[in-house]
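Enquirer: So for the sequence shown, the numbering used here puts the first residue at 1078; every next one is plus one. Virtual Cβ for every residue (Gly too), placed ideally from N, Cα, C. Fair warning: this is a prediction, and the values are worked out from it, not measured in the lab.
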Amino acid sequence: MNQSPSETCRVAVLSGPSGSGKTTIVERLLGQSAVSIEMAVSATTRPARVGEVHGKHYYFLSSDDFDKQRQAGEFAECAEVHRSGYWYGTLKSEVERIQSSGRWVLLEIDVEGALNVMQMYPDALSFFLKTPSVNEYENRLRSRGTETEEVIQRRLRTAEEELKSASSYRYRIINDDLDRAVQEICDILEEREKEIHAR
Ligand code: 5GP
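1. To which residues of the same chain is Ala1258 closer than 8 Å at the C-beta, ignoring the five residues directly before and after it?
2. Go ahead and label Gln1146 buried or exposed: buried means 16 or more other beta carbons lie within 10 angstroms of its beta carbon, across all protein chains shown.
3. Report the CB separation of Thr1235 from His1159 in whole angstroms; it is logged as a contact under 8 Å.
4. Just the Cα atoms here: how many angstroms apart are Gly1108 and Val1118?
5. Inspect the CB distances between the stretch 1210-1219 and the stretch 1175-1193 and report whether three or more fall short of 8 Å.
6. Ends of the beta strand (DSSP E) at Ile1114?
7. The alpha helix (DSSP H) spanning Glu1154 covers which residue range?
8. By the three-class DSSP mapping on this structure, what secondary structure does Glu1270 have?
9. Where does Arg1249 fall in DSSP's three states?
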């Protein structure tokens, strides 16, 4: 896919197993990053959880609508995540909307989607979040108390598979200390922003 440098820069992709602290890191990044950054709202076929708002947390689509948009090539990437039967995807229009405002686009997506995004946007900065141990993943997942045992087991299996993909990311961030992990990502973004300005 041919993209000009201005279109390919300022994309940051963040992945990590369930329980790796992605949501908290994202909230902190959006609040404290020195570079201007906005989260791309993904589309999904999964039903909204209590408190989730259409257009803010996700664009909640019917399977039919998702499929139509997929066939029409409207997704930058999409995948059936965690073998859940639900589809998730990043709409090209969402990425373009944020890019055209000169801000960084933050994508919080699964490994399969992230690998596709890295191909489509070769300049993207990719971050894989890790917690110190597999036990820690499990503890965090259970302490959320929002998933059934079956879902927990499935997510743990996915986590093990996803960990194997960590080496495909440009940066691996260990989330043993939240402040440090967030700062590390902020520093990398800021450094890249300086490079873009120096071009
Ligand atoms: P949840 O259902 O808990 O909100 O999200 C489940 C998983 O879907 C998370 O691991 C998240 O990274 C992934 N996900 C969310 N949005 C997207 C997306 O647009 N594309 C892909 N490939 N994965 C996504």
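Expert: On the basis of the supplied data:
1. Gly1098, Ile1102, Leu1206, Ile1250, Ile1251, Asn1252
2. buried
3. 5 Å
4. 16 Å
5. no
6. 1114-1116
7. Note, Glu1154: premise wrong, no alpha helix (DSSP H); beta strand (DSSP E) at 1152-1157.
8. helix
9. strand
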